[in-house]
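Numbering follows the numbering used here, with no gaps: position 90 of the sequence shown is 92.
Written below as structure tokens is the structure these notes are about.
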Amino acid sequence: SLHYALQCFEGMKAYRGDDNKIRLFRPELNGERLNRSLRRLEMPEIPTDQFIKAISQLVNIDQRFIPDGNGYSAYLRPTAIATDAFLGVGPAASIRFFCILSPVGPYFPSGFSAITVAAETDFIRAWPGGAGNCKIGGNYATTVHPQTIAANQSAAQQVLYCTPDIFEGEKRYRVTEVGSMNFFVVLSNGDKFQLVTPPLEPLNDILPGVTRRSIIELAQNYPDVSVSDSRHFYLDELVKASQDGRILEIFGAGTAATICPIKSIISKQFPTIVPTGEKVQDDLGPIASRLLTDLNNMYYGRGGSRPDWTTIVS
């Protein structure tokens, strides 16, 4: 397992609501994604209902470790590793499934602070035909080096991975993910906001985040927002939109931070990309703030657009 990276995992949280009930958020999606990773590694699958049952039992047993309050939760790390007692590369005959639980506080303890990210065009996180759409350890180990370079050379807190691509005979850099988060841009588009994020298919080099999917599905029901999640876009397009003053918000999304605002994207080849929209909550723009409020309302049992997305386990 350690030598050949025959392991995969999930990231999810358990929330103590204002009513003191413990909730999981769309756990069936984590179970489905774990099985996608297991299939990619030729490891035995775990039935999704059994996955949810196991996580729920753990949360019930350890619920005293789940703090209350906005931004507080218990982080859950369901993990599957190969346990064959021999050295060699091949399909696993046996696996061990376990889950780590740890109480966590707000990702931004003193309010949402926007970060600077560096556009990375030399190092590639994932590629077409690889396993970027699976949550396996090998996808993360190789990101440590470019992130360290970005921090040391440009004081960037994260890396925006832009894959070299040939489009209509020209070398361009296709936008994929920011660190371990899915990437979102809010553009001005006439009388509506346009929420843009890279598509998952057909290249399958982007992780299908549960937060990503939830943001898209929520935004599709906002009357003043149109969503674009089916078209690839390139770094030079972001530069042009920034120069035209059309980029209002930029943020990453994932389980750890839920939503992480981005104040600038710096690059060795291109001008700096800066969002120009208003801020309504710390460093969050109006769309990111609305999405975060909607998600938090669901996490903590306050209603929200889709309270049916939560599972009460205690």
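Beta carbons: idealized from backbone N, C-alpha and C, even for Gly.
Sorted by chain position, which residues of the same chain lie with C-beta nearer than 6 Å to G107's C-beta, five sequence neighbours on each side aside?
Result list for G107: Y74, in chain order.
Could you pull the start and end residues of the alpha helix (DSSP H) that I117 belongs to?
Membership of I117 in any alpha helix (DSSP H) is not indicated; the residue belongs instead to the beta strand (DSSP E) covering I117 to E122.
Quick check on this structure: which residue in R215, I138 and L286 has the alpha carbon closest to the alpha carbon of E251?
Nearest of R215, I138 and L286 to E251, Cα basis: L286.
DSSP-derived helix/strand/coil call for S291
Helix.
Would M45 and L4 qualify as a contact pair, given that the criterion is a beta-carbon distance under 8 Å?
Taking 8 Å as the Cβ cut-off, M45 and L4 do not qualify as a contacting pair.
Local conformation of D226 per DSSP, three classes
Three-state DSSP puts D226 in coil, outside helix and strand.
Proximal residues to Y6 (C-beta, below 6 Å), its chain only, five neighbours per side dropped
Taking Y6 as the centre and dropping the five residues before and after it, the same chain places the C-beta of V91 closer than 6 Å to its C-beta, in chain order.
Run the CB neighbour count on N141, radius 10 Å, all protein chains shown included, and call it buried at 16 or more, exposed below.
Per the 10 Å Cβ criterion, buried.
Put R248 into one of helix, strand or coil per three-state DSSP.
DSSP, reduced to helix, strand and coil, places R248 outside both helices and strands of the structure shown, so it counts as coil.
Taking the Cβ atom as the reference point for each residue, do A35 and K137 lie within a distance shorter than 8 Å?
Note that residue 35 corresponds to Arg in the displayed sequence, not to Ala. The answer is yes: Cβ separation under 8 Å.
Use the C-beta contact count for A87: other C-beta atoms within 10 angstroms, 16 or more gives buried, fewer gives exposed.
Exposed, by the Cβ-count rule.
How many angstroms separate the CA atom of G71 from the CA atom of R304?
The straight-line gap separating the alpha-carbon atoms of G71 and R304 is approximately 12 Å.
Mind checking whether I289 and V187 have CB atoms under 8 Å apart?
Not closer than 8 Å, so no.
Do L162 and A120 have their C-beta atoms closer together than 8 Å?
Yes. Within cutoff.
What are the partner residues of S232, as DSSP defines its beta bridges?
Beta-bridge partners assigned by DSSP to S232: none are found.
Beta-carbon proximity check, F253 vs I267, cutoff 8 Å:
Cβ distance not < 8 Å, so F253 and I267 don't count as in contact.
In the DSSP assignment, find the beta strand (DSSP E) that holds K15 and state where it starts and stops.
In the DSSP assignment, K15 falls within the beta strand (DSSP E) that extends over M14 to R18.
The beta strand (DSSP E) with S96 in it runs from where to where?
For S96, there is no enclosing beta strand (DSSP E), since its DSSP letter is neither H nor E.
Are the CB atoms of S96 and T85 nearer to each other than 8 Å?
Between S96 and T85, the C-beta spacing is below 8 Å.
For N32, which residues from the same chain have a beta carbon less than 6 Å from its beta carbon, with the 5 sequence-adjacent residues on both sides left out?
Spatial neighbours of N32 in its own chain (CB-CB distance under 6 Å, excluding positions within 5 residues in sequence) are listed in chain order as E12 and M14.
Own chain residues within Cβ distance below 8 Å of A157, not counting five before or after:
Here the set comprises T118.
T274 - DSSP class collapsed to helix/strand/coil
The three-state secondary structure of T274, taken from DSSP, is coil.
Less than 8 Å between the CB atoms is what I'm expecting for A259 and Y109, so what's the real figure, rounded?
Yes, they are in contact, since the Cβ atoms of A259 and Y109 sit about 4 Å apart, within 8 Å.
Buried or exposed for N154, going by 16 or more other Cβ atoms inside 10 Å?
Around the beta-carbon of N154, fewer than 16 other beta-carbon atoms lie within 10 Å, marking it exposed.
Give the DSSP bridge partners of V282, in chain order.
Paired residue(s): none; V282 is not in a bridge.
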